[in-house]
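Numbering (the numbering used here), first residue to last: 70 to 114.
A virtual CB, placed ideally from N, CA and C, is assigned to each residue, including glycine.
The structure presented is a predicted model; accordingly, all values stated were derived computationally and were not measured.
The structure appears below as structure tokens.
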Amino acid sequence: MQSDKKKQGKDLNFIVLEKIGKAKKINDLSKEKVLKAIKTSLFTS
Numbered sequence: 070m071q072s073d074k075k076k077q078g079k080d081l082n083f084i085v086l087e088k089i090g091k092a093k094k095i096n097d098l099s100k101e102k103v104l105k106a107i108k109t110s111l112f113t114s
């Protein structure tokens with residue numbers, strides 16, 4: 070369960086569900102990519 074942490078040091082880990090029962094840990098994302106993903110999911114018209 071150690072690799073399941075959302076934050077390790079200064080790095081954030083994102084747990085993404087690929088399908089029911091299957092998750093993937095994503096890390097090393099740039100700040101710009103994270104902000105773009107948040108903006109496009111919240112501010113859709």
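Handout entry: Residues near SER97 by beta carbon distance below 8 Å, same chain, minus five either side
Key = Note that residue 97 corresponds to Asp in the displayed sequence, not to Ser. Contacts found: ASP80.
Handout entry: ILE107 (DSSP reduced to helix, strand or coil)
Key = Three-state DSSP puts ILE107 in a helix.
Practice task
Within the same chain, show all residues whose beta-carbon is closer than 8 Å to that of LEU104, passing over the 5 residues directly before and after it, in chain order.
Solution key: For LEU104, same chain residues with a beta-carbon under 8 Å away, outside a window of 5 residues either side, do not exist.
Problem - Identified DSSP bridge partners for ILE84 - result: Answer by DSSP bridge pairing, in chain order: LYS94.
Exercise for the section: Using the Cα positions of THR109 and ILE95, report the straight-line distance between them to the nearest angstrom. Expected result: Taking the Cα positions, THR109 is about 19 Å away from ILE95.
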